[in-house]
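Enquirer:
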Amino acid sequence: MFSRNTREQQKVALMQELEITVEARNEKYLGLPVYMGRSIKSTFAYLKERVWKRIQGWKEKLLSKARKDILIKAIAQAMPSYAMSCFDLTKTLCDEISTMICRFWWAQQDQENKVHWLSWEVLTWRKKRGGLGFRDLHLFNLAMLARQGWRLLMNPESLCARVLKAKYFANGQLLNVQEAPGISYAWRSIVRVMQALKEGLIWRVGDGTQINIWNDPWVPAGTKRRHITPRGRVLLTRVSELIDPTTGEWDSNLIREVFWEEDVQNILAIPVRYDMEDSIAWHNDIKGTFSVKSAYHVLDDERVRQTRRQSGESSSSISTQSVEFNWQHIWKLPCPPKVKQFIWRLAHNSLPVRKNIARRGIELDTRCPVCSRFDEDGGHCFLKCKFVRKCWMLLHMEDIRVQLTELSSPQEMLHKILFLEERKRIEIVLLLWTWWEARNKVNVGDPLISIDQTLYRIRSMAAELISKEAGNTTRKRSDSKKWAPPIEGVIKINVDGSFLADQKKGSWGFIARDHEGLVLLAGAGTIYAVHDAQCAEMAACRMTLEATAANGMTRIIIETDCSIMVTALKSNAYDQALAGVWFRDARIFMSLNFSFVDIVFILRDL
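In this text, residue positions in the sequence shown follow full-length UniProt numbering: the first is 1, and each later residue adds one.
#1: What does residue 238 pair with, by DSSP beta-bridge criteria?
#2: Quick check: what's the CA-CA separation for residue 610 versus residue 190?
#3: When burial is assigned at 16 or more other CB atoms within 10 Å of the CB, is residue 8 buried or exposed?
#4: Name the DSSP bridge partner or partners of residue 499?
#5: Across which residues does DSSP place residue 367 in a beta bridge pair?
#6: Excluding the 5 residues flanking residue 525 on each side, which residues of the same chain have their C-beta closer than 8 Å to its C-beta?
#7: Reducing DSSP to helix, strand and coil, say where residue 383 ends up.
#8: For residue 410, does the three-state DSSP call read helix, strand or coil?
#9: Considering residue 149, what are the terminal residues of the alpha helix (DSSP H) in which it resides?
#10: Quick one, which of 258, 584, 423, 173 has its alpha-carbon nearest residue 278's?
#11: Count the other CB atoms within 10 Å of the CB of residue 246; is the residue buried (16 or more) or exposed (fewer)?
#12: Residues in the same chain with beta-carbon distance under 8 Å from residue 587, minus the five sequence neighbours each way, listed in chain order, please.
#13: Buried or exposed for residue 240, please, with buried defined as at least 16 other CB atoms from any protein chain shown within 10 angstroms of its CB.
#14: With DSSP collapsed to three states, give me the class of residue 337.
#15: Does the distance from the C-beta atom of residue 388 to that of residue 402 stay below 9 Å?
#16: Rounding to the nearest angstrom, what Cα-Cα distance links residue 602 and residue 285 in this structure?
#17: Pick from 491, 496, 528: whose alpha carbon is nearest that of residue 515?
#18: Within 10 Å of its beta-carbon, does residue 458 have 16 or more other beta-carbons around it, so buried, or fewer, so exposed?
#19: If residue 234 sits next to residue 267, beta carbons under 8 Å apart, how far is it from one beta carbon to the other, in whole angstroms?
#20: Under 9 Å between the Cβ atoms of residue 535 and residue 499?
#21: According to the Cβ coordinates, are residue 300 and residue 124 closer than 9 Å?
#22: Going by other Cβ atoms of all chains shown within 10 Å of its Cβ, with 16 needed for buried, is residue 666 buried or exposed?
#23: Can you give me the Cβ contacts of residue 314 inside the same chain, cut-off strictly under 8 Å, excluding the 5 residues immediately before and after it?
#24: When you compare each of 335, 363, 326, 255 to residue 348 by their alpha carbons, which one comes out closest?
This is the structure we're talking about:
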């Protein structure tokens, strides 16, 4: 494919050299368009058509919300992923695809124009915020493109990076590129997300020579990743000037003179290693490496902040999020997915009870379809209808029902239910769901199932779920093991670290025993500046390694309840984490001071 400025002779010569017979135009290569027209939306319209065809096939089947959830996440929202990783599909096209998916979610077979009880924005909230975790396709598109920017940043010597640098920013920095006329759409797509990528980058301090104290993000605190102390007349410029060259540690006296107390605690808690180079990492992932998931969450958090700034906390778009209600408790219920989906809708007051339908401007008889006595809202349907009251009474939970009737919202009601003891919690959840199914049958003209049948179904399902949950708990307990001595000639060391987040302090301790279980060495102490639990665990391990090496122990096994540390000391997976310089240093130390060393994960209760 050639541009319009290419001469015909040049086209023929190049095609002959490459043995190409036909110029590709308006075709696809590996599923992506070869040529970008002026209308990006038209270029990628085939993606929308593919999703639409797949959804049309699903509409022929009667699917539960739980099955729709799986189909949407695993197929419909995954179909454009490959194109999203290379090009900006535009917000317009992403919104149109999302609209089709939203209609499918609320539709019932061929009845597409059903009531949308909640907005698509609510459905895209994370589950812990009260949503279903569907993707905002435009934000996901940006996160996928940011991964390309990260790869260029981390692999500057790759062929792709060298070609793009030579063509678009030969004399500049990747993080400072701007859109310009005449650039390819693939490069333009990457440029558009560079600012979002910059918002998640942070410097990991090694020797500090590459980091500007005042301009670069290097303090792992908050979303800005910078200190709050103004520069004033301070002449210091590089982070290396804050490190004592004699000890290789932070110059605490100098830092206290230059920075405010809040910054002092954050800076002194940063791991530093004067003989290692500074490196760039991804602030929003525990490993320090970029992931599309973490980038998506960063963009999603920024979207929420913008919504709150524009509309205020009282806006209807976000007021349904409860600060106190823990949505995760719904998804952790030991119940079938369709029951969890029902409880989630109940928490949002988005069930089609007759009062809710009337609020949508639809004229209908709002009386309860079961008892025909009072207007049907959520409170009447599940707590006050005379038939459901009998179920509560026969389940010996009348006192709980009375307490629930005094609460003012579905979330308050569920908050109380989900904190009851296990059997009552499960039986009440199944009562709500079973009664809703019975009510729906009456609503379409079927007879009401008997109270005895309802109770039998609730009790049998509850017994099955509780038995299954008890089996899982027993299995977890049976997996626990007692401390086992090492083989003769090897020392087993149990090490642990603790962390106090409010004080940025921690403590450490270890005990070393031989093959007979005799204590050979033990130690404990305080960690005066540490940023998080991961760093506290690593600090404890550093102290332990130094102590055992000083006492001539060369064949050791270290047992810890920190799985991250086990992985970090056996591989380079966490080298870009906050404690990455310590992880690298520990691996070097172990290779030089021990003839045999093994790091083993154990459960915390041993």
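Ideal Cβ placement from N, Cα and C applies to all residues, glycine included.
Expert: The structure says:
#1: Answer by DSSP bridge pairing, in chain order: 212.
#2: Because the chain in this structure spans residues 1 to 606, residue 610 falls outside the shown range and cannot be described.
#3: The residue is exposed, with fewer than 16 neighbouring Cβ atoms inside 10 Å.
#4: Beta-bridge pairing links residue 499 to 506.
#5: DSSP lists 375 as partners of residue 367.
#6: Close CB contacts of residue 525 within its chain, under the 8 Å cut and outside five residues either way in sequence, are with 507, 508, 509, 543 (chain order).
#7: Helix at residue 383.
#8: Here residue 410 sits in helix by DSSP.
#9: That run of the alpha helix (DSSP H) goes 137-154.
#10: Comparing Cα-Cα distances from residue 278 to each of 258, 584, 423, 173, the minimum goes to 584.
#11: With fewer than 16 neighbouring CB atoms inside 10 Å of its own CB, residue 246 falls in the exposed class.
#12: Setting aside the 5 residues that flank it on each side, residue 587 is surrounded in the same chain by 569, each with a C-beta closer than 8 Å to its C-beta; the list follows chain order.
#13: With 16 or more neighbouring CB atoms inside 10 Å of its own CB, residue 240 falls in the buried class.
#14: Residue 337: helix per DSSP, three-state reduction.
#15: Their beta carbons are not under 9 Å apart, which means residue 388 does not touch residue 402 by this criterion.
#16: Roughly 24 Å separates the two Cα atoms.
#17: Of the candidates 491, 496, 528, the one whose C-alpha sits nearest the C-alpha of residue 515 is 491.
#18: Burial call: buried.
#19: Contact between residue 234 and residue 267 does not hold, since the beta-carbon distance rounds to 14 Å and is not under 8 Å.
#20: Between residue 535 and residue 499, the C-beta spacing is below 9 Å.
#21: Between residue 300 and residue 124, the C-beta spacing is below 9 Å.
#22: With the chain covering 1 to 606 only, the question about residue 666 has no answer from this structure.
#23: Confidence at residue 314 is low in this model, with a pLDDT of 44, below 50, so its placement is unreliable and the value that follows should be read with caution. Result list for residue 314: empty, nothing under 8 Å.
#24: The residue from 335, 363, 326, 255 with its alpha-carbon nearest to that of residue 348 is 326.
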